[in-house]
Each structure stands twice: as structure tokens, then as C-alpha cells.
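Asker: Those protein sequence lines, which keep their order, are chains F and G. Taking the working numbering, the leading residue of the first sequence gets 177, the next gets one more, and so forth. Taking the working numbering, the leading residue of the second sequence gets 244, the next gets one more, and so forth. All C-beta atoms in this analysis are idealised placements derived from N, C-alpha and C, irrespective of residue type, glycine included. Owing to the predicted nature of the structure, the values given are computational and were not obtained by experimental measurement.
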Amino acid sequence: MSVLGLFTRRPKRTAEAARERLQILLAHERAGLSGADFLPQLQRELIEVIRKYVSVEDDRVQVRLEREQHLSVLEVNIELPAPGDAPRV
Amino acid sequence: MAKVIVITSGKGGVGKTTSAAALSAGLALRGHKTVVIDFDVGLRNLDLIMGCERRVVYDFINVINGDAKLHQALIKDKRLENLFVLPTSQTRDKEALTQDGVERVIGDLRQEFDFIICDSPAGIERGAFLAMYYADEAIVVSNPEVSSVRDADRMIGLLASKSRLAEQGTEMPQTLLLTRYDVERVEKGEMLKVEDVQDILAVPLLGIIPECPSVLQASNIGTPVILDEKSNAGRAYAEAVGRMLGDELPVTVPRGAKRGLIDRLLGRSA
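1. Against chain G, which members of the stretch 227 to 249 of chain F pass a CB distance test of less than 9 Å?
2. When you compare only the Cα positions, how much space is there between F303 (chain G) and K259 (chain G)?
3. Starting from S474 (chain G), trace the beta strand (DSSP E) in both directions and tell me its first and last residue.
4. C295 (chain G) and I280 (chain G) - do their beta-carbons sit closer together than 8 Å?
5. Report yes if the CB atom of L323 (chain G) is closer than 8 Å to the CB atom of V484 (chain G), and no otherwise.
6. By the three-class DSSP mapping on this structure, what secondary structure does P257 (chain F) have?
7. Does the beta carbon of A193 (chain F) sit closer than 8 Å to a beta carbon anywhere in chain G?
8. Within the same chain, show all residues whose beta-carbon is closer than 8 Å to that of G450 (chain G), passing over the 5 residues directly before and after it, in chain order.
9. Can you name the residues of chain G whose CB is closer than 9 Å to the CB of R197 (chain F)?
10. Using a Cβ-Cβ cutoff of 8 Å, what residues of the stretch 253 to 264 of chain G are near chain F? List them in chain order.
11. For E414 (chain G), which residues in the same chain have their Cβ closer than 6 Å to its Cβ, ignoring the five residues on either side in sequence?
12. Have a look at the DSSP bridge pairing and note the partners of R240 (chain F).
13. Could you say which of G:L270, G:V446, G:A476 and G:S462 lies nearest to N325 (chain G) if we only look at CA atoms?
14. Can you check whether the CB of A268 (chain G) is closer than 8 Å to the CB of I469 (chain G)?
15. With 7 Å as the C-beta to C-beta threshold (strictly closer), list the residues of the stretch 307 to 319 of chain G near chain F in chain order.
16. Thinking C-alpha only, which one of G:I443, G:A378, G:S474 and G:S332 is nearest G285 (chain G)?
17. Which term fits S404 (chain G), buried or exposed, when burial requires 16 or more other beta carbons within 10 angstroms of its beta carbon?
18. Can you pull the DSSP bridge partners for Q411 (chain G)?
19. Can you tell which of G:P416, G:P453, G:A445 and G:P447 has the C-alpha that lies nearest to the C-alpha of M434 (chain G)?
20. Within the 8 Å Cβ cut-off, does P216 (chain F) reach chain G?
21. Tell me, to the nearest whole angstrom, how far the beta carbon of A395 (chain G) is from that of G256 (chain G); I am working on the premise that it is less than 8 Å.
22. Who are the Cβ neighbours of V230 (chain F) in its own chain at under 6 Å, not counting the five residues just before and after it?
23. Considering only the alpha carbon of each residue, which of G:S474, G:M244 and G:I464 lies closest to T277 (chain G)?
Written out as C-alpha cells, the structure reads:
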């Protein structure tokens, strides 16, 4: 780097970001937690359980996943019918 | 009306996914609702280049198999309002991609999106075939390098004979995107000139993307390179997007990576 380089913006050190992203991703993939295989099954079973108590539509279920280094967050969002719409049990 | 565009090349590693990500983001930046689909079943990578790899829950194959609804598998980009990614499966093999399934999903996407960008896998097998089969237009990506140009030529032939449009007797519009172009090496006579490649392939030029350090930087952080507006590659992709949308922009040869005296004194890279 030139002397003036000290005063100008340094190029971004993006390799560090690349390494971290890969570590997180590959840790999940090697553990077989790549999502696609167990999530549809999980979703089906969750809906079955919930249906025992309230009626829910298949497409009123949203599943989101956020993978981080030390934990993953699985967010299951189930929209319940308005009280008036629900069949009387 | 929705337009389905395949980004294809035959050869691997020429910049299909980089280009698919950049062009999709560029179309979204220009206000068009755009989805980019990864057709490389078993070797998912578009999610990494788009920076949404941690948010993949369902994929293209889940939707084809009916395990998930389309809107559950679409990942909304965090930066751009109009941009969505449909990732592929990392665990299945390419046989999971069925022609009926692809037709159905593309048909559904046509109802909602302005542009559907299909990121083709390398090769000419099922994934690559299905990525191009339902396309309205094709962008063929090539490097100025002999094997890449040869494979691009083969792909251009397949697009003209094996796509649905071809089967219906309609010619599929094709354009060429020349990537990793290094003006200095071209000037030294070490690399094929754009004119050479165009003469050989005889397809209109969509753009020339210069060899540029920003492409690796963008991939490191999972950002389409077009969002690096100051980079040479980012600017070249933005111009290519303009041409896709009908802007009258002559294709210019990008300036070389040669650094001027001032740049060298300031320690700046091109």
C-alpha cells in the first residue's frame, strides 16, 4: 500500500464474511439439517396436531428459518380462523 | 406480460449465476417484479450469491412435489422490494425436476411476476434442458475463451431446436453476454476480442462484463454485484439490464483495469 493509502478507504475485507457464511452453511448441511427434507413432514404433522383443536387451512401456515452460527430459529406462523368462522366443537 | 428468460452457457464457471443474480436485481431495481429460479438441483448456489442461504426453508422441488406452496418457497430479497428467489434442492438429484412440475411452477409465476429469470446449470442434461425449455428469451453467457465459446455455440443450437418455442416454429430471441472480458489482455492479443466472439456466434450482444475484483467481493458477502454501483462490472450489468428493457444504449468495450498515475499514488484499484 502506498503512503497515501493510509488516508484513503481500504478495500473491504470481504473474505472474512465469506469464511463465516460458509462455516455456518456447511455446518448445517453436513449435519443433514438442510431443511428441505424434514420441514414438509414437520409442517404436515404440526397441522395435524393443531387440527385436533382448531380448524386451520393448509395455506395459512408459514414456516421460516433463520440460521445463525450457534442456533437456528424455526418460526412457525399459523393463522387461526376468526372466532365467528370456526365451527362449534 | 410476464417474460421468462433463461441464463445459460453450456460450460460451467463462466458466470451464469453471477449474471442471473445481477440481472434479476437490476430488473427489480428498475421497478419490475422479478423472480430468479435456481435450476441446478443438488448443487444449490444461487442462494449464496443472493445472500439468502440462511433463510431457505422450502425449495423448487418441494413445490413441484406439492410439499410446499409456491409462496412458501419464494424468498423475498431483504434489499429490493420487487425481488424474489426460488432456491433449488441441495439434497435431491436432477431427476426430481419433472417437466410437468416445471411447466406448472413457471405458469403460476407468470401470473405474478414481470420477469422470471431461470439460472441454468452447466451441461446439456435435464436441468439445463428444463431451464431453457419454457423460456421466451435466452441470454447466453460466454467468456472470451475457446472452450466456453464452443459450448455457447452448442447451446445456441439447442435453444434454436429443442425449446418449446422452437417446437412451435417460433425463433427464440437470444443475446450474448460476454463476461470476464479483460481489455488489457485483448489489447496484448492474449484474449479473443469481442468482435471475434460475435463473428463466431452470430448472436446480438447484450453486454460486455469486464473482469473485475468486485465480482468476488460481491459473492463473498452475498450481494448481487449490480448493487456495487461504482464497480465496473456493476455498471456493465446495469447497462445490460437497460438494453433488456429496450434502452438505446450502444454496447461499449469496458475500460481496462489499468491504473492511472493518480490511482497508483492513491493506492486505488480500478
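Answerer: Here's the rundown:
1. D234, D235, V237, Q238, V239, R240, L241, E242, R243, E244 and S248
2. On the second sequence, position 60 is the one that residue 303 (chain G) refers to. On the second sequence, position 16 is the one that residue 259 (chain G) refers to. Rounded to whole angstroms, F303 (chain G) to K259 (chain G) spans 19 Å at the Cα level.
3. Here residue 474 (chain G) refers to the residue found at position 231 of the second sequence. That residue, S474 (chain G), is in no beta strand (DSSP E); it is neither H nor E in DSSP.
4. Residue mapping note: residue 280 (chain G) aligns to position 37 of the second sequence, counting from 1. Residue mapping note: residue 295 (chain G) aligns to position 52 of the second sequence, counting from 1. No, the Cβ-Cβ distance between I280 (chain G) and C295 (chain G) is not below 8 Å.
5. Against the second sequence, residue 323 (chain G) aligns to sequence position 80. Against the second sequence, residue 484 (chain G) aligns to sequence position 241. The answer is no: Cβ separation not under 8 Å.
6. For the purposes of this step, residue 257 (chain F) is taken as residue 81 along the first sequence, with counting starting at 1. Three-state DSSP puts P257 (chain F) in coil, outside helix and strand.
7. Numbered from its first residue, the first sequence carries residue 193 (chain F) at position 17. Closer than 8 Å: yes.
8. In the second sequence, residue 450 (chain G) corresponds to position 207, counting from 1. Only L420, L421, A479, Y480, E482, A483, R486 and V494 meet the Cβ criterion.
9. The residue you call residue 197 (chain F) lines up with position 21 of the first sequence. By Cβ distance, chain G contributes L291, G294, E296, R297, N463, I464 and G465.
10. none
11. Indexing the second sequence from 1 puts residue 414 (chain G) at position 171. No residues qualify anywhere along the chain.
12. Residue mapping note: residue 240 (chain F) aligns to position 64 of the first sequence, counting from 1. F:E251, per the DSSP bridge assignment.
13. Numbered from 1 along the second sequence, position 82 holds the residue referred to as residue 325 (chain G). Nearest of G:L270, G:V446, G:A476 and G:S462 to N325 (chain G), Cα basis: G:L270.
14. Here residue 469 (chain G) corresponds to residue number 226 of the second sequence, with the count starting at 1. Here residue 268 (chain G) corresponds to residue number 25 of the second sequence, with the count starting at 1. In contact: I469 (chain G) and A268 (chain G) (Cβ atoms closer than 8 Å).
15. D310, A311, K312 and Q315
16. Position 42 of the second sequence, counted from the first residue, corresponds to residue 285 (chain G). Among G:I443, G:A378, G:S474 and G:S332, the Cα nearest to that of G285 (chain G) is on G:S332.
17. Mapped onto the second sequence, residue 404 (chain G) falls at position 161. The residue is exposed, with fewer than 16 neighbouring Cβ atoms inside 10 Å.
18. Position 168 of the second sequence, counted from the first residue, corresponds to residue 411 (chain G). DSSP lists no partner for Q411 (chain G).
19. By 1-based counting over the second sequence, the position of residue 434 (chain G) is 191. Taking only the C-alpha atoms, the option nearest M434 (chain G) is G:P453.
20. For the purposes of this step, residue 216 (chain F) is identified with residue 40 of the first sequence, where counting begins at 1. It does; some Cβ of chain G falls within 8 Å.
21. Locating residue 395 (chain G) in the second sequence gives position 152, where the first residue counts as 1. Locating residue 256 (chain G) in the second sequence gives position 13, where the first residue counts as 1. With a Cβ gap of about 13 Å, A395 (chain G) and G256 (chain G) do not count as contacting.
22. Reading the first sequence from its first residue, position 54 is the one you call residue 230 (chain F). Excluding positions up to five away in sequence, the list reads L256.
23. Counting from one through the second sequence, the residue named residue 277 (chain G) turns up at place 34. Considering only alpha carbons, the answer is G:M244.
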